[in-house]
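Undergrad: Pasting in a structure now, in structure tokens, and then I'll have a few things to ask.
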Amino acid sequence: MIGIKKIDHIGIAVKDLAKAIEFYEGLLGLKVTGTEVVEEQKVKVAFLPTGDSEVELLESTTPDGPIARFIEKNGEGIQHIAFRVENLEQALEELKAKGVRLIDEKPRLGAGGARIAFLHPKSTFGTLVELCERDN
Ligand SMILES: C[C@@H](C(=O)O)C(=O)SCCNC(=O)CCNC(=O)[C@H](O)C(C)(C)COP(=O)(O)OP(=O)(O)OC[C@H]1O[C@@H](n2cnc3c(N)ncnc32)[C@H](O)[C@@H]1OP(=O)(O)O
Ligand SMILES: [Co+2]
1 MIGIKKIDHI GIAVKDLAKA IEFYEGLLGL KVTGTEVVEE QKVKVAFLPT
51 GDSEVELLES TTPDGPIARF IEKNGEGIQH IAFRVENLEQ ALEELKAKGV
101 RLIDEKPRLG AGGARIAFLH PKSTFGTLVE LCERDN
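This note's numbering numbers the first residue of the sequence shown as 1 and each following residue consecutively.
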């Protein structure tokens, strides 16, 4: 078993991070605990904890990144779900061995120093799945 601990975060693609934060903070009352640019993913992200999981708002930093492409095709909205795992490398090995299509064969650097990897939506019944491992 790959040992999923919880939903780490839900990734929401937005066109304008500042405007989205106005809604999530101002109207929903959540609090942004950090914003960060993740160059490798071509995104600027904001994290807003909700109990044991977080909302991750994502704005594209380029017109050709995965978030820009997603919005072009689908409009703004939920782009991925991220599950926290104990051991990401082992999880990826197991899933690969079972024929799951991996977008990332090896962990990459995510926001907040997390190690992350994505599973292709064609292998997960239509949802882009991120697996992430954190030290804390
Ligand atoms: C900062 C970090 C963190 O948390 O630490 C993050 O989250 S970064 C979050 C942003 N980074 C990422 O998303 C990286 C991983 N994503 C990718 O590599 C890509 O976006 C793919 C998921 C492979 C999609 O690539 P691309 O847009 O080139 O392909 P495409 O448009 O031809 O899509 C191929 C098929 O997958 C579907 N598809 C595409 N994106 C999808 C999504 N987000 N959810 C569900 N289905 C999706 C399309 O509808 C299409 O299906 P049909 O063929 O049926 O039409
Ligand atoms: Co994410």
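Idealized CB from N, CA, C, for every residue including glycine.
#1: In this structure, what does DSSP give as the bridge partners for residue 200?
#2: Could you round the C-beta distance between residue 34 and residue 110 to whole angstroms and report it? I think they count as a contact, below 8 Å.
#3: Taking the alpha helix (DSSP H) that residue 94 belongs to, which residues open and close that run?
#4: So is residue 37 buried or exposed if we call it buried at 16+ other beta carbons inside 10 Å?
#5: Could you tell me if the beta carbon of residue 84 falls within a distance shorter than 8 Å of some heavy atom in ligand 1?
#6: Got a sec: does ligand 1 put a non-hydrogen atom nearer than 8 Å to the Cβ of residue 128?
#7: My understanding is that residue 71 touches residue 127, with C-beta atoms under 8 Å, so please give their C-beta distance in whole angstroms.
#8: Looking at the unbroken beta strand (DSSP E) that takes in residue 106, where does it start and where does it end?
TA: A quick look at the data gives this:
#1: Any property of residue 200 remains undetermined from this structure, which presents the chain solely from 1 to 136.
#2: For the purposes of this step, residue 34 is taken as residue 34 along the sequence shown, with counting starting at 1. For the purposes of this step, residue 110 is taken as residue 110 along the sequence shown, with counting starting at 1. Not confirmed; about 12 Å, so no contact.
#3: Taking the first residue of the sequence shown as 1, we reach residue 94 at position 94. From DSSP, the alpha helix (DSSP H) with residue 94 extends over 88 to 97.
#4: In the sequence shown, counting from the first residue as 1, residue 37 sits at position 37. Burial call: exposed.
#5: Walking along the sequence shown from the start, residue 84 turns up at place 84. Incorrect: residue 84 has no Cβ contact closer than 8 Å to ligand 1.
#6: Reading the sequence shown from its first residue, position 128 is the one you call residue 128. Yes; taking the cut-off as 8 Å, the Cβ of residue 128 has a heavy atom of ligand 1 nearer than that.
#7: What you label residue 71 is simply residue 71 of the sequence shown in a count that begins at 1. What you label residue 127 is simply residue 127 of the sequence shown in a count that begins at 1. Their Cβ separation, rounded to whole angstroms, is 17 Å, which puts residue 71 and residue 127 out of contact at 8 Å.
#8: For the purposes of this step, residue 106 is identified with residue 106 of the sequence shown, where counting begins at 1. No beta strand (DSSP E) holds residue 106; DSSP gives it neither H nor E.
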